[in-house]
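Per numbering that gives the first Met the number 0, the very first residue in the sequence shown carries number 0; after that it's consecutive.
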Amino acid sequence: MARIAQGGSVMIAATILISLALMAADAGAATSAAVASQTGGATPSVAPVVPAVDSKPATTAQPAIPADPAAPATGLVPKALLSGGDALAKSLQELVESGDVYSEELSAMVEQFPSYAPRPVPMTGAMRIVGSDTMGPLLANISISYQVVYPDVKINVDQGGSLKGIVALKGGLCDMASVARNLTEQEVADISKATGKQVFVVPVARGAACVYVNADNPIAGLTKEQCNGLFSITHTMTKAPIMRWNELDPTSPLGNTFPPLYIPRSTSGMLQLFIEWCMPGEQITTIGRYTEPGPSSVVNACCAYPTAVGISGYANRQARARAVPLSIGEGQPFIAPTVAAICDGTYPLARPLNLVFVATDAQHIPDGIREFLRFALAEDGQDMAAMSGNIPMDASGIPEFLGTPVNGVWQ
Numbered sequence: 000m001a002r003i004a005q006g007g008s009v010m011i012a013a014t015i016l017i018s019l020a021l022m023a024a025d026a027g028a029a030t031s032a033a034v035a036s037q038t039g040g041a042t043p044s045v046a047p048v049v050p051a052v053d054s055k056p057a058t059t060a061q062p063a064i065p066a067d068p069a070a071p072a073t074g075l076v077p078k079a080l081l082s083g084g085d086a087l088a089k090s091l092q093e094l095v096e097s098g099d100v101y102s103e104e105l106s107a108m109v110e111q112f113p114s115y116a117p118r119p120v121p122m123t124g125a126m127r128i129v130g131s132d133t134m135g136p137l138l139a140n141i142s143i144s145y146q147v148v149y150p151d152v153k154i155n156v157d158q159g160g161s162l163k164g165i166v167a168l169k170g171g172l173c174d175m176a177s178v179a180r181n182l183t184e185q186e187v188a189d190i191s192k193a194t195g196k197q198v199f200v201v202p203v204a205r206g207a208a209c210v211y212v213n214a215d216n217p218i219a220g221l222t223k224e225q226c227n228g229l230f231s232i233t234h235t236m237t238k239a240p241i242m243r244w245n246e247l248d249p250t251s252p253l254g255n256t257f258p259p260l261y262i263p264r265s266t267s268g269m270l271q272l273f274i275e276w277c278m279p280g281e282q283i284t285t286i287g288r289y290t291e292p293g294p295s296s297v298v299n300a301c302c303a304y305p306t307a308v309g310i311s312g313y314a315n316r317q318a319r320a321r322a323v324p325l326s327i328g329e330g331q332p333f334i335a336p337t338v339a340a341i342c343d344g345t346y347p348l349a350r351p352l353n354l355v356f357v358a359t360d361a362q363h364i365p366d367g368i369r370e371f372l373r374f375a376l377a378e379d380g381q382d383m384a385a386m387s388g389n390i391p392m393d394a395s396g397i398p399e400f401l402g403t404p405v406n407g408v409w410q
C-alpha cells in the first residue's frame, strides 16, 4: 500500500491512489461498503464469520482518506469519476483538495507491523461492532477494505458511544464492542459475569481526549483546576465557577464573554475520560452547555464560534480549531497532545482505542474476530489508523493469541 509522507511526495502519492481508484471503479471493487449506522436500535448479532468453502480471488484494499482541512490542491481526480458517485473517488478528491498527509513519524510506526496476505479459503459470514463514535470512521474504513479482500463478509459498524458498546457486548447484541478508553476492572467483571466468558481487550489505535478552542483564541493552556471550574457544576477544585474568559486569562482579548461549552453525548468514552481526570464523581454544568451528536460536531462549533470551548477527540482536529495544552496542576508544565506525548503517556488524556470481545478462552476465539484483528493490526489497518487522524499502536503490543506472522506477513 502506498504511504503518504509530507512534502512534494503527496502529489505523487495522490496520483498513484487515483490510478488505483480508476482501476477499482472499472472492476466494481469500490461498491463494497460497511454500514456505519448512527441509529440507536440494537439487534442481535448474526452468524459468526467463518471460512468459505470455495476460494475466490481477493482484490487489493484501497486506502481510507480523512477529510481534515489543510492547504488546498486541485485538479487530479477526473470529474467523470466523481459524477458516477464513486465514494472512493470522492474521498481521493478530498485528499487532493485538503493536502492532508501523515508524517514520517507515523509512517515509521506503521512499517513495524506485518503485512496481510488473504487466506487461501476466503472468509464469509457477518459481524457487528457497536460502540465508540470516535472509532466509528476508523472501523468503517477498515471494514470496507476488509470486505474488498473478503466480499462475502458483511460487517456492520454501529456508533453511539463506548458505553453503548459495553452494554451491547454484555447483552450478546454484538460480536465486538469499540471502547475508546481503558475499561474499568468493574466493567470487565460485569461483562464476564453477564456472558460467562473471558473478556479480551485489544487496542487497535491510540488517541486522546482534547479540549478545543477556536483557532484565534490565544489562551496558552488550561490546568486541571481550570477545567474543573469550567465544566463541573460543583467545581470542587475552584472557589467559584469559571464563567468568563478573563477569569482564565486576565489579558484575554475575549474579555468578560461567556465560554459556551460543547460536549459529546454522555455515553462518549472521551467525555468519561475527561470527567475522571478533572471532575471525578461530579456532573457537567448545565449552564451554557450544548450536547452535540458526535465529536466532529463539537469541533465544528469551536471552529464557528470564537468564544467556544469543547471536548472532543484527537482525530477530530481541524484547521479552524485548536487543542490546547493541558497541565495536571498549578506550577506543572503544559503538555500539548502531540504524537510523542500521546505515545509516551505524558499528555494526561491519552487513551487506547480498543476492540473488546468475549470467548471461552484464547484457544476458542472465533475465526472471524481473529482474522479481522489481524487485518486491523497489519500495515493495512494501521495505515488507516494514521490516515483517519489517529495514532498507530506499538507493534510490540500485538497479542499472542493472534498468532505469529511468517516472514513479516499475517497468513
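Cβ atoms here follow ideal geometry from the backbone N, Cα and C, with glycine treated the same way. These numbers were taken from a predicted model, which means no experiment stands behind them.
8 Å Cβ cutoff met for residue i and residue j
i: Pro217; j: Pro252; result: yes
i: Gly206; j: Ala314; result: yes
i: Gly130; j: Val187; result: no
i: Phe273; j: Leu162; result: no
i: Ala204; j: Pro332; result: no
i: Phe400; j: Ile364; result: yes
i: Gln410; j: Phe112; result: no
i: Met269; j: Thr133; result: yes
i: Gly135; j: Ser267; result: no
i: Asn181; j: Arg373; result: no
i: Asn389; j: Leu138; result: no
i: Ala208; j: Gly344; result: no
i: Met383; j: Ile141; result: yes
i: Ile327; j: Lys223; result: yes
i: Arg264; j: Thr285; result: no
Counted within 10 angstroms of its Cβ, other Cβ atoms place residue i as buried (16 or more) or exposed
i: Asn255; result: exposed
i: Val152; result: buried
i: Lys192; result: exposed
i: Asp379; result: buried
i: Val52; result: With a pLDDT of only 40 at Val52, under 50, the local geometry of the prediction cannot be trusted, and the value read off the model is given with reservation. By the neighbour-count rule (16 or more Cβ atoms within 10 Å), Val52 is not buried but exposed.
i: Gly407; result: exposed
i: Val201; result: buried
i: Gln146; result: buried
i: Val405; result: exposed
i: Glu329; result: exposed
i: Gln185; result: exposed
i: Gln362; result: exposed
i: Glu370; result: buried
i: Ser295; result: buried
i: Pro121; result: buried
Endpoints, alpha helix (DSSP H) assigned at residue i
i: Tyr346; result: Unbroken run through Tyr346: none, as it is neither H nor E.
i: Ile141; result: 135-148
i: Ser161; result: 161-169
i: Gln225; result: 223-230
i: Glu295; result: The question names Glu, yet the displayed sequence has Ser at residue 295. 294-303 is the span of the alpha helix (DSSP H), which, as asked, contains Ser295.
Residue i CB to nearest heavy atom of the ligand MG below 7 Å
i: Met134; result: The model on display carries no ligand, and the ligand MG is accordingly not part of it.
Boundaries (first-last residue) of the beta strand (DSSP E) holding residue i
i: Pro202; result: 197-213
i: Leu376; result: Here Leu376 belongs to no beta strand (DSSP E), and DSSP marks it neither H nor E.
i: Met122; result: 122-130
i: Asp189; result: No beta strand (DSSP E) holds Asp189; the alpha helix (DSSP H) holding it covers 184-194.
i: Met432; result: The structure shown does not extend to residue 432, since the chain is modelled only from 0 to 410, so the question has no answer here.
i: Met175; result: 175-178
Cβ separation of residue i and residue j, assumed to be a contact under 8 Å, to the nearest whole Å
i: Pro117; j: Val148; result: 5 Å
i: Cys226; j: Val212; result: Wrong, their Cβ atoms sit about 12 Å apart, outside the cutoff.
i: Pro324; j: Ala335; result: 4 Å
i: Ile154; j: Ile128; result: 7 Å
Legend entry - Given 8 Å, three or more beta-carbon pairs between the region 251-263 and the region 296-316: As far as the Cβ criterion goes, the region 251-263 touches the region 296-316, which means the pair count is three or higher.
Legend entry - Given 8 Å, three or more beta-carbon pairs between the region 268-288 and the region 226-242: Yes: the two stretches touch, three or more of their Cβ pairs being nearer than 8 Å.
Legend entry - Touch test, the region 166-178 against the region 349-361, Cβ-Cβ under 8 Å, three pairs minimum: Three or more beta-carbon pairs separated by less than 8 Å link the region 166-178 to the region 349-361, which places the two stretches in contact.
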